[in-house]
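Contents: one structure, followed by commentary.
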Amino acid sequence: MKNMRVTTKDWLDERLSISALNDLVRKKEVPLHRYSIWYYFGGMTLFLFVVQVVTGILLLLYYRPSSENAFESVQFIVTEVQFGWLIRSIHSWSANLMIATLFIHLFSVFFLRAYYRPREMTWVSGVVLLFIVICFGFSGYLLPWNQLAFFATKVGTEIAGVVPVIGRPVLRFLRGGDEVTGATLTRFFGFHVAVLPATATVFLAIHVLLVQLHGMSVPPSLEKQNVRKMKFVPNFLLRDLIGWILAIGVLAALAAIFPWELGEKADPFAPAPAGIKPEWYFLFMFQTLKFLPAKILGMDGEVLGIMAFNLVALLLFIVPFVDREPGNRKRRLIFNVIGVVALLYIVVMTIVGYVT
Amino acid sequence: MDRGEHNSRRLHDFLRTVLPVVAVLTLFTLSSAQKKSSCIDCHSRLEDPRLSAPAKLFENDVHRGRGLSCNDCHGGDPNAPTSEAAKDPRKGYLGKPRALDIPAYCGKCHSDANLMKRFNPSLRVDQESEYYTSVHGKLLKAGEQKVATCISCHTVHGIRAVSDPLSSVYPLNVADTCAKCHGKSDYMQAFKIPSDQVVKFKTSVHAKALYEKQDLSAPTCNDCHGNHGAAPPGIASVANVCGQCHARQADLFQTSPHKAAFDQQGLAECVTCHSNHDIATPTDQMIGTQQGALCVNCHQSGDKGFAAAGHMRSRIDQLIASIDKSNEILSVAARKGMEVSKPKFELKGAKDALTHARVLIHSSSTAEVDKVVEPGLAVATKGYQAGLDALSELSFRRKGLAVSLVFIVFLALLVYLKVRQIESRQPIAK
Amino acid sequence: MSKMLHDSTARSIGPVDSEPTRRRFLDYLLGTSAVATLGAIVYPIIRFMSPPQVIESTESSVIAAKLNEVPVNSGKIFKFGSKPGLILRTESGELKAFSAVCTHLDCIVQYQPEKKQIWCACHNGQYNLNGKNVGGPPPRPLEEFKVNTRGDEIVVSKA
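Residue numbers (our numbering), protein chains in the order written: chain A, 1 to 356; chain B, 1 to 430; chain C, 1 to 159.
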């Protein structure tokens, strides 16, 4: 008599074709070379995003998105709710860590030319994810409704409003009015917990699926050589896991030793706190605008600065369509230089922003 | 000439004589409706500043705003074109009054209730009679010319309402107005009064409230001395004056053993400890048995008051120490990242108790002081406990973190070993 | 690399003796510490999700007192957010609530049953039962709050 015992695997496989998925995953390989370490950063960013989603959902159980209640609800979470301090601090710290690993991922992909054919769409979806994450950071920052957050949002939306033609309508759309008020808070909350997560899910799915479809890329300089490959499951995945476990440790340490401040409740009528600056990932742009002269060639310096940043953002999208000849060494060199200059600029401006 | 021509000629003649007269009369009535008085006209053009000043000042006078003019006080005829005609005693001209006559001069209207009703029904009409109860009024009646009369404080000709910030009797200006005489030592010598009151007042806590914080409810000279009936309050009634605002302290003092003792010894209430003009912000140093305290000026070691003073001071010191200790530990916890805004707020209750205790010393009763210090200490202790709890929670978190980190690192290590183990059996690379 | 044992059919039947125990031990440790870590992550999450003792976080309305704590012609101080408030019941039985912070120099006011008014002990400031400043130094009236009763509780909220 045939063995009637049906395993769970068989049961699922009959209905969901699990084994097909299984084969796909088991086939995935990761190239091994001296730049392999950079392969970890995409997964780390994804892991930290998952941490954000989990802690974010937990915070949703107690947070109240109105100007009368927001600050008090965060205070409540941090003082009254069991382990509230931990969840809140992890959420705030993980946001910053995620953006840091995202930048590392972006630059490593750039320098390793992982956007070459056929991976252009992976790059484009990645740039979209970059902007989604920045919007996550900007919208989330306002939610505790403290002085710092209020004025950072005021300045940030003010800058958006400076763009000619569309600036004013964009500012009104972001603020939910002409000023930063409770309406802004509600709106930002909507973006932060519904609109952006939905959009992020779509683009993440596209991005990750494309990576699986095309496999891991190999940097052009090593393309010719026959590079060794490591199995994704279990070898690379286990290594990923070590990183993720250590990341949890880092987050717990940050939450316990450097808890995220509550600040003072936002008061729209009090003067802005002295020396106000945005979070570190916006600082280099903020500092650039501070350095620009009031007038450049007859046009408003600040407007030109913002338009320049918008232009750079657009250029970021088309990188794989401009630099698309793997064999062209000169072009590779130019793009490397551009990348190094951009990286240095961001780092230097961020440091300057903190020191002054 | 025919009838028609004759008639029109007569009309022309009529109009030629009548129209100019009508014009002049109209102009005259119009101009007199502007209250142009010959007094102002002449005096404003005079060269001597003493004679032209009244006319110029009168522009801003509160009486002018009510439609009054020179003749309403000085008599005379403002419509007369010449000086003699205007200043005709038969027209009621009174001239410049003597100092002795000034209260009656102003009182002519200001003491007439029926008259004042027409202009300002809520204004008092007893200033003149009140004035004669004052030191100034009594001396004036006795013939002394060098005392303040109505115009000394309210000025003359350019009198502004009390509520006008430019008025010489606006609360912020009163002290300087009094100082015009009371600040001059040679002037006051004749009356054997010191002349340092205003200077002293300006160092006081009341002056700080008035001039720095612009708190118009803070007292100036007239709030304690009275306006028109100005006189220093009697020794036994000082507490009533201070008690207008400091009701609590006054009540406590009146029922304390000090009241009888002070009256018996002729000591001024309140003033004996707090002084009168240069009232400084009270400090805890004022009470107690150590050197520099006010209590030992009368009390000696062994008497009941001495013991009470010592007890009250030590209780207050105890409360202060407890509050400081709690504040300290809560600040430390806050700096280390713990959320302690609620305990910090609740500590304010202890600060409140301290204020109460400082007020209650006026009862000279250790029981009363204890009654507020005890709950204050309880609140402060609670705050301290909250600080301790916050710090212990912090150390619990750090310990918890250390333990979890050990486990996390251990797990990471195990995964690493697993990787090594897997790869030792099967090579990883192809 | 460990030595492989073969049986008569040259099929490998596993590595040297120490290997399986070492591997099993590692797997065991891995399993238990993974479960422990997972537990250490899930435990705070579960505790987080269960509601704490104090359930309200907002300051826009508080339970000032119980009905029987405020008899006729009396007043009581309560905490309203971060500021003190005064709940009082007038002679006619009406409940009223105000900010208890005196508008002169921020002392805490109290209800005076004898004079049926609100009084500030610091400088003898007086307010009537509508919160209007009627005597002494206070320059402005007291802020009035809305009062509702819910069962035997008095709920005070911002007007």
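Note that CB positions come from ideal geometry on N, CA and C, so glycine has one too.
For this session: Under 6 Å Cβ to Cβ from residue 420 of chain B, same chain only, skipping five residues before and after it: list those, please.
Result: For the purposes of this step, residue 420 of chain B is identified with residue 420 of the second sequence, where counting begins at 1. Here the set comprises nothing.
For this session: Within its chain, find whatever has a CB closer than 6 Å to the CB of residue 75 of chain B; leave out the 5 residues flanking it on each side and keep chain order.
Result: As a first step, residue 75 of chain B must be located in the second sequence, where it is residue number 75. Result list for residue 75 of chain B: 92, 93, 94, in chain order.
Exercise. Looking only at C-alpha atoms, which of A:228, A:277, A:312, A:209 sits nearest to residue 21 of chain A?
Worked result: Locating residue 21 of chain A in the first sequence gives position 21, where the first residue counts as 1. The residue with the shortest Cα to Cα distance from residue 21 of chain A is A:209.
Exercise. What does residue 232 of chain A reach in chain C if we use C-beta pairs closer than 8 Å?
Worked result: In the first sequence, residue 232 of chain A corresponds to position 232, counting from 1. Within chain C, no residue has its beta carbon less than 8 Å from that of residue 232 of chain A; the closest one is some 19 Å off.
Problem set entry | Per-residue burial, residue 52 of chain A [other beta carbons within 10 Å of its own, 16 or more giving buried] | The residue given as residue 52 of chain A occupies position 52 in the first sequence. The residue is buried, with at least 16 neighbouring Cβ atoms inside 10 Å.
For this session: Starting from the C-beta of residue 264 of chain A, find all residues in its chain whose C-beta is less than 8 Å away, skip the five residues before and the five after it, and write them out in chain order.
Result: Translated into positions along the first sequence, residue 264 of chain A becomes position 264. Once the five neighbours on either side are set aside, the close Cβ partners of residue 264 of chain A are 146, 147.
Exercise. Exposed or buried, residue 1 of chain C, counting other C-beta atoms within 10 Å across all chains shown (16 or more means buried)?
Worked result: For the purposes of this step, residue 1 of chain C is taken as the residue at position 1 of the third sequence. For residue 1 of chain C, the pLDDT reaches just 42, beneath the cut-off of 50, and the residue's location in the model is therefore unreliable, although a value from the coordinates is still provided. Its Cβ having fewer than 16 others within 10 Å, residue 1 of chain C is exposed.
Exercise. Since residue 369 of chain B is in the alpha helix (DSSP H), which residue starts that stretch and which ends it?
Worked result: Looking up residue 369 of chain B in the second sequence gives position 369. Unbroken alpha helix (DSSP H) run through residue 369 of chain B: 366-425.
For this session: Name the two residues that bound the continuous beta strand (DSSP E) containing residue 85 of chain C.
Result: As a position in the third sequence, residue 85 of chain C is number 85, starting the count at 1. 83-89 is the span of the beta strand (DSSP E), which, as asked, contains residue 85 of chain C.
Exercise. CB residue 38 of chain A to CB residue 108 of chain A, shorter than 7 Å?
Worked result: On the first sequence, residue 38 of chain A is found 38 positions in, with the first residue counted as 1. On the first sequence, residue 108 of chain A is found 108 positions in, with the first residue counted as 1. With respect to residue 108 of chain A, residue 38 of chain A sits close: the two C-beta atoms are nearer than 7 Å.
For this session: Classify residue 139 of chain C as helix, strand or coil using the three-state DSSP reduction.
Result: Residue numbering aside, residue 139 of chain C sits at position 139 when the third sequence is read from its first letter. Looking at residue 139 of chain C - three-state DSSP - the assignment turns out to be coil, as it is neither helix nor strand.
Exercise. Does the pairing of the segment 127-138 of chain B with the segment 224-232 of chain B give three or more beta-carbon distances under 8 Å?
Worked result: yes
For this session: Report back the beta-carbon spacing between residue 170 of chain B and residue 164 of chain B to the nearest angstrom; my notes put them in contact at under 8 Å.
Result: Start at 1 with the first residue of the second sequence, and residue 170 of chain B comes out as number 170. Start at 1 with the first residue of the second sequence, and residue 164 of chain B comes out as number 164. The Cβ separation is near 6 Å, so the contact holds.
Exercise. Got a sec? Which residues, its chain only, sit under 7 Å from residue 285 of chain B by beta carbon, not counting five neighbours each side?
Worked result: Walking along the second sequence from the start, residue 285 of chain B turns up at place 285. Same-chain partners within the cutoff: 292, 293.
Exercise. Quick one, which of C:146, C:49, C:98 has its alpha-carbon nearest residue 75 of chain C's?
Worked result: Within the third sequence, residue 75 of chain C is the residue found at index 75, counting from 1. The residue with the shortest Cα to Cα distance from residue 75 of chain C is C:98.
Exercise. What's the gap between the Cα of residue 144 of chain A and the Cα of residue 74 of chain A?
Worked result: The residue you call residue 144 of chain A lines up with position 144 of the first sequence. The residue you call residue 74 of chain A lines up with position 74 of the first sequence. So the two alpha carbons sit approximately 6 Å from each other.
Problem set entry | Span of the beta strand (DSSP E), counted from its first residue to its last, around residue 120 of chain C | Walking along the third sequence from the start, residue 120 of chain C turns up at place 120. It spans 117-120 - the beta strand (DSSP E) in which residue 120 of chain C sits, taken as one unbroken run.
For this session: Specify, as a first and last residue, the run of the beta strand (DSSP E) that residue 79 of chain C falls within.
Result: As a working note, residue 79 of chain C is residue 79 in the third sequence. First-last of the beta strand (DSSP E) with residue 79 of chain C: 74-80.
Problem set entry | Beta-bridge pairing of residue 299 of chain A - partner residues as DSSP gives them | In the first sequence, the residue the question calls residue 299 of chain A occupies position 299. Answer is A:296.
Problem set entry | In DSSP terms, what residue 241 of chain A is bridged to | Residue numbering aside, residue 241 of chain A sits at position 241 when the first sequence is read from its first letter. According to DSSP, which records beta bridges pairwise, residue 241 of chain A is partnered with nothing at all.
For this session: Return the CA-CA distance between residue 222 of chain A and residue 234 of chain A, expressed in angstroms with no decimal places.
Result: Here residue 222 of chain A corresponds to residue number 222 of the first sequence, with the count starting at 1. Here residue 234 of chain A corresponds to residue number 234 of the first sequence, with the count starting at 1. So the alpha carbons of these two residues sit roughly 25 Å apart.
Exercise. Under the three-state reduction of DSSP, which class applies to residue 192 of chain B: helix, strand or coil?
Worked result: By 1-based counting over the second sequence, the position of residue 192 of chain B is 192. It is coil, neither helix nor strand.
For this session: Could you name the residues of the same chain whose beta carbon sits closer than 6 Å to that of residue 332 of chain A, not counting the 5 residues immediately before and after it, in chain order?
Result: Residue numbering aside, residue 332 of chain A sits at position 332 when the first sequence is read from its first letter. Excluding residues within five positions, none has a Cβ falling inside 6 Å.
For this session: Taking C-beta pairs closer than 7 Å, name the residues in chain C that residue 418 of chain B reaches, listed in chain order.
Result: As a working mapping, residue 418 of chain B is identified with position 418 in the second sequence. Under the 7 Å cutoff, chain C gives 26, 30.
Problem set entry | Cβ of residue 414 of chain A within 7 Å of any chain B Cβ | Because chain A here runs from 1 to 356, residue 414 of chain A falls outside it and cannot be looked at.
For this session: For the segment 57-126 of chain B, list the alpha helix (DSSP H) runs that are entirely contained and at least 4 residues long, ordered along the chain.
Result: 62-65, 70-74, 83-86, 102-110, 113-119
For this session: For residue 217 of chain B, name the three-state secondary structure that DSSP assigns.
Result: Along the second sequence, read from residue 1 onward, the residue named residue 217 of chain B stands at position 217. Three-state result, residue 217 of chain B: coil.
Exercise. What first and last residue would you give for the beta strand (DSSP E) that runs through residue 154 of chain C?
Worked result: One-based indexing of the third sequence puts residue 154 of chain C at position 154. Where residue 154 of chain C is concerned, the enclosing beta strand (DSSP E) stretches over 153-158.
Problem set entry | Host alpha helix (DSSP H) of residue 343 of chain B (start-end) | As a working note, residue 343 of chain B is residue 343 in the second sequence. Start and end: 341-360.
Exercise. Is DSSP giving residue 254 of chain B helix, strand or coil here?
Worked result: As a position in the second sequence, residue 254 of chain B is number 254, starting the count at 1. If DSSP states are grouped into helix, strand and coil, residue 254 of chain B belongs with the helices.
For this session: Between the Cα of residue 206 of chain A and those of A:309, A:83, A:128, A:253, spot the shortest distance and give me the residue it belongs to.
Result: Taking the first sequence and counting its residues from 1, the one referred to as residue 206 of chain A is at position 206. Nearest C-alpha to residue 206 of chain A: A:128.
Problem set entry | Residues that residue 404 of chain B contacts on chain A, provided the C-beta gap is smaller than 8 Å | In the second sequence, residue 404 of chain B corresponds to position 404, counting from 1. Chain A residues near residue 404 of chain B: 249, 252.
Problem set entry | Endpoints, beta strand (DSSP E) assigned at residue 144 of chain A | By 1-based counting over the first sequence, the position of residue 144 of chain A is 144. Unbroken run through residue 144 of chain A: none, as it is neither H nor E.
Exercise. Would you call residue 44 of chain A buried or exposed, if buried means 16 or more other Cβ atoms sit within 10 Å of its Cβ?
Worked result: On the first sequence, position 44 is the one that residue 44 of chain A refers to. Buried: at least 16 other Cβ atoms inside 10 Å.
For this session: Per DSSP, which residues does residue 63 of chain C bridge with? Please list them.
Result: Walking along the third sequence from the start, residue 63 of chain C turns up at place 63. DSSP lists C:155 as partners of residue 63 of chain C.
Exercise. Should residue 425 of chain B go down as buried or exposed, given a rule of 16 or more other Cβ atoms within 10 Å for buried?
Worked result: Translated into positions along the second sequence, residue 425 of chain B becomes position 425. Exposed, by the Cβ-count rule.
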